[in-house]
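One line per chain: the protein sequences are A and B, in this order.
Oh and the first sequence: position 192 is 676 in the numbering used here, straight run, nothing missing.
Oh and the second sequence: position 266 is 750 in the numbering used here, straight run, nothing missing.
Number of protein chains: 2
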Amino acid sequence: MAYQPLDVNTSIDYVQNRPALKSILPPQGKLVAEEVGDGNLNLVFIIENQLNPEQSAVLKQALPYLRVAGDSWPLTRERMRFETQALLKQNELAPGLVPKVYDYDEEMSLVVMEYLGKHEIMRKPLVARKHFPLFTDHISTFLANTLFFTSDLYLTGVEKKELQAKFINPHLCKIQEDFVFTNPYMDSPENKWNPEIDAEVQAVRKNAELKIALAEMKKSYMTNGQALIHSDLHTGSIMLNEHDTRVIDPEFAFYGPMGFDVGAVLENLVLNYLSHYAHTPDFEQRTHYQAYLLDIVCNVWNEFARKFETLWKENNRGELAPNKYWDFPDGQTAFAKYRERYIQSVFHDTVGHGGAKMLRRMMGIVSIWDITSIEDLKKRAVCERLAIQIGSRWVLERRQINSVEQMVEIVREETKDVEI
Amino acid sequence: MAYQPLDVNTSIDYVQNRPALKSILPPQGKLVAEEVGDGNLNLVFIIENQLNPEQSAVLKQALPYLRVAGDSWPLTRERMRFETQALLKQNELAPGLVPKVYDYDEEMSLVVMEYLGKHEIMRKPLVARKHFPLFTDHISTFLANTLFFTSDLYLTGVEKKELQAKFINPHLCKIQEDFVFTNPYMDSPENKWNPEIDAEVQAVRKNAELKIALAEMKKSYMTNGQALIHSDLHTGSIMLNEHDTRVIDPEFAFYGPMGFDVGAVLENLVLNYLSHYAHTPDFEQRTHYQAYLLDIVCNVWNEFARKFETLWKENNRGELAPNKYWDFPDGQTAFAKYRERYIQSVFHDTVGHGGAKMLRRMMGIVSIWDITSIEDLKKRAVCERLAIQIGSRWVLERRQINSVEQMVEIVREETKDVEI
């Protein structure tokens, strides 16, 4: 079918004619479609069977972007391809932790996937101090599985490079390269920050050691093709409820450093922690929930590291360090030490990338709702100054921080006398 | 033209019908062809005009490899494409330091390039203690130009990833991954070593710290997509004379760590240094030439680093650390410090990869002529033991070795009491 943008009527005709969707949205149902996209880059339809609301799907279609001339359209189409490819791979590696893909139509630039009607984006419930007893287990499995099984530890060299070739994603990478690692720390028209923290923003821009360290993190992002990473794994890319967790929106996926994904999760939890100085005025309530968040931070890393190492021990089929290579007296001890050093280096990257991403949220193009929803700019500034302090220390001290407990200790140190 | 293997007659017909070769091998000449290839993977013809021997070319054509069934043929064709692409890129970036490419015919799996009739492969003249006054300047320019101009320091992120996509080279990479970093240090049928050093070979296989460090170097090779590297830059890939230097055979080219190329050059010079304990019995002659070789080692690194940094200062058009990012009080000092750290990290990789490649030459599938041409196995073993000592220390101490002078000091320490 030649490309044409769908609407609430044609989307129903479309899904009813797709063989792959016969069991999801049966033709004998009474389908209704609602368009919920932002109307800029993508159309997003929720399609439901009114006779049986269990039967539902989301159809996401790239739009030829009309506002800007030039090559946005190829970029948008490409984005849809990367998102679909990544979802399919993640479904294979971490089933149940991403939306299922029901159908993909390259010519129509659309993907049909599972509708997550009972999930919410993680930021809001975290601000509302909700508990998610299964989140740590779910996200650490997602991280361990997607990162391990796409790395040189599991794939052969040839398999890995074939997968890497499918995820050369230059335009989406450029967005992260510019907006995480460079532009926020220099004069650039798209930067936004709370005027109350102008002095701190200017200080970051002039901090020579910090800027050298941030450029080192950018080098890691641009060169370290370690695993197929999600590459935008903030809490706005996580939909969940008490029972279920799903990672969405993987259009930035490419072969990059594992620590960039793990760092994104930890950093977003800490930013949420800081936001409670404004969102949760009650001291008891606040300290209780903040302690819960720091526990999650520690547990996510520790569980990730444990699961990752277990996968490695049990599935060492890659060619980086094959079992036969460790076949010598005490070779198993050496292999264990190698695994420990490998995971430690992922941890140092986690600290550095987490810190960089925390900083950029305070002074770059993309802020985060947890913080920007604080209306009082002075109170917001208290949280933001702490984030700048913590993010800077994570970046600068990343090679000296050897455990997640130390990483969290920095959060405690910087927040021990907060007055708001 | 559909694929067909050429012979000494059809190769002349072929070149006379190619428009691109009209000015190189004029149809009115009296062309003669000689086949000089090894007859396994490639045909290699030297084609000359007998009326004007200045008019000459080399035609290299992939052969469907008959001895082994299966997929060697696609691999061989692919190899020819990588070699040609790399030669074209290197000609652009380091003109005069690689053979010129005259013509390329994908369907015929052949490339026609400059004939280097006045050059010799570097190993033999080094064993014969020849001096090459321009080598340091030439090879350091080759390294600085090809590595800088293909890195994120010069290319934009998008340009770099587009080039990287053309050089995803999994099968050739696998050869280096297996035969440099893994197989030589474990039981593997293709390994060869001098029986006189069996104890030392077995000791390497059981050396836990060394094997962990070698696996770390393998990780660097498999993940660090820093620049388009030659990836097989030993002294058998260098053809030269007193006036001219050419780097040949870049079929292994891919995006990898810069230090792998620089390390290959330095390591081969040190292996040649060691070979003189057998090749040059005269003490005066030997120590004089060995000092010359260690000078080259120091100068190649120092000149490479100087040229690389100058290129960076003068052409900082990449997006890793743009000039605007350093636009703050004393930002130029910070940028200088960043460049220094970047180059220092290339140096640590150089030491580690140089060490790994030195070790594999002693106990893996591919030995080197400088050493294997020593007929007396006991004398050869003296050189090989030294290489194992030096290679092991380079790998293990790579992060503590901060200058090429220290790197060379290890060579001096390990060879201070050699008796042969």
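Beta carbons are placed, not taken as given, at the ideal position from N, Cα and C, and that holds for glycine.
(request) Whole angstroms is fine: what's the gap from residue 804/A's alpha carbon to residue 703/B's? (result) 7 Å
(message) Counting C-beta neighbours from all protein chains within 10 Å, is the total for residue 891/A 16 or more, i.e. buried, or is it exposed?
(response) Its Cβ being crowded by 16 or more others within 10 Å, residue 891/A is buried.
(request) Using alpha carbons as the reference points, say which of 593/B, 581/B, 748/B lies closest to residue 564/B. (result) 593/B
(request) Could I get the ranges of all uninterrupted alpha helix (DSSP H) runs contained in the region 590-652 of chain B, with 4 residues as the minimum, in chain order? (result) 607-611, 619-632, 641-650
(message) Just checking: is the beta-carbon of residue 884/B within a distance shorter than 8 Å of some beta-carbon in chain A?
(response) no
(request) Let me know the secondary structure DSSP gives residue 545/B once reduced to three states. (result) strand
(message) Here's a check: name, in chain order, each residue in its chain whose Cβ is nearer than 7 Å to the Cβ of residue 791/A, leaving out the five neighbours to either side.
(response) 624, 625, 628
(request) Note down, in chain order, every chain B residue with its Cβ under 8 Å from the Cβ of residue 707/A. (result) 636, 708, 709, 710
(request) Measure the C-alpha to C-alpha separation of residue 714/A and residue 679/B and round it to an integer number of angstroms. (result) 50 Å
(message) What would DSSP say about residue 517/B, mapped onto helix, strand or coil?
(response) strand
(request) Give a yes or no on whether 8 Å exceeds the smallest Cβ distance from residue 820/A to chain B. (result) no
(request) Counting only runs of 3+ residues fully inside the region 718-746 of chain B, write out the beta strand (DSSP E) ranges in chain order. (result) 722-724, 729-731, 738-740
(request) Verify the CB distance criterion: does residue 670/A have a CB-CB separation below 8 Å to chain B? (result) yes
(request) Anything in the region 784-810 of chain A with a Cβ closer than 8 Å to a Cβ of chain B? List those residues in chain order, please. (result) 803, 804, 805, 806, 808, 809, 810
(request) Identify, in the order they occur along the chain, each residue of the same chain with its Cβ nearer than 6 Å to the Cβ of residue 757/A, setting aside the five sequence neighbours on each side. (result) Here residue 757/A has 774, 777 as same chain residues with Cβ atoms under 6 Å from its own Cβ, once five neighbours each way along the sequence are excluded.
(request) List the residues of chain B that residue 655/A touches, going by C-beta distances under 8 Å, in chain order. (result) Chain-ordered, the chain B residues with CB closer than 8 Å to the CB of residue 655/A read 642.
(message) Closest to residue 695/A by C-alpha separation, out of 666/A, 504/A, 815/A, 661/A, would be which residue?
(response) Ranked by Cα distance from residue 695/A, the first of 666/A, 504/A, 815/A, 661/A is 666/A.
(request) Using a Cβ cut-off of 8 Å (strictly closer), state whether residue 645/A contacts chain B. (result) yes
(request) Compute the Euclidean distance between the alpha carbons of residue 632/B and residue 795/B, then round it to the nearest angstrom. (result) 7 Å
(message) Tell me which residue opens and which closes the alpha helix (DSSP H) that residue 493/B is part of.
(response) That residue, residue 493/B, is in no alpha helix (DSSP H); it is neither H nor E in DSSP.
(message) Let me see if you follow: with CB-CB separation under 8 Å, is residue 816/B close to chain A or not?
(response) no
(message) So, at 7 Å on beta carbons, what are the nonlocal neighbours of residue 888/A in its own chain, with the 5 sequence-adjacent residues on each side left out?
(response) 781, 782, 785, 786
(message) Which same chain residues end up closer than 6 Å to residue 750/A when comparing Cβ atoms and leaving out the 5 residues on each side of it in sequence?
(response) By the criterion of a C-beta distance shorter than 6 Å, residue 750/A is surrounded in its chain by 781, 838, once the five residues flanking it on both sides are discounted.
(message) Suppose only complete runs of 3+ residues qualify. What are the beta strand (DSSP E) ranges in the region 672-713 of chain B, listed by chain order?
(response) 711-713
(request) Could you please give the first and the last residue of the uninterrupted beta strand (DSSP E) stretch that includes residue 835/A? (result) Element bounds for residue 835/A: not the beta strand (DSSP E) but the alpha helix (DSSP H), 815-847.
(request) Kindly say whether residue 563/A, judged by its beta-carbon, lies nearer than 8 Å to any beta-carbon of chain B. (result) no
(message) To be precise: take each residue of the region 534-545 of chain B, compare its Cβ to all Cβ atoms of chain A, and keep it if any distance is under 8 Å. Which residues remain?
(response) none
(message) Would the region 601-617 of chain A count as touching the region 654-674 of chain A if we require 3 or more Cβ pairs under 8 Å?
(response) no
(message) So, with DSSP's three-state summary, where would you put residue 527/A?
(response) strand
(message) Against residue 626/B, what residues of chain A qualify as contacts under a CB-to-CB distance less than 8 Å, listed in chain order?
(response) Here the premise fails: no neighbours, minimum Cβ distance about 21 Å.
(message) So the candidates are 527/B, 610/B, 525/B; which of them puts its Cα closest to the Cα of residue 722/B?
(response) 610/B
(request) Please determine if the region 827-846 of chain B and the region 865-876 of chain B are in contact, where contact requires at least 3 C-beta pairs separated by less than 8 Å. (result) Yes: the two stretches touch, three or more of their Cβ pairs being nearer than 8 Å.
(request) Determine whether the Cβ of residue 873/B lies closer than 8 Å to any Cβ atom of chain A. (result) No, because no Cβ of chain A sits closer than 8 Å to the Cβ of residue 873/B.
(message) Looking at the secondary structure, which residues open and close the alpha helix (DSSP H) in which residue 464/B lies?
(response) The requested residue 464/B does not occur in the structure, where chain B is confined to residues 485 to 904.
(message) Once the 5 residues before and after residue 445/B are set aside, which same chain residues still bring their CB inside 8 Å of it?
(response) Coverage of chain B is limited to positions 485 through 904, which leaves residue 445/B absent and any answer about it impossible.
(request) Using a Cβ cut-off of 8 Å, pull out every chain A residue sitting near residue 736/B, in sequence order please. (result) Going along chain A, no residue has its Cβ under 8 Å from residue 736/B, so there is no contact; the nearest lies around 13 Å.
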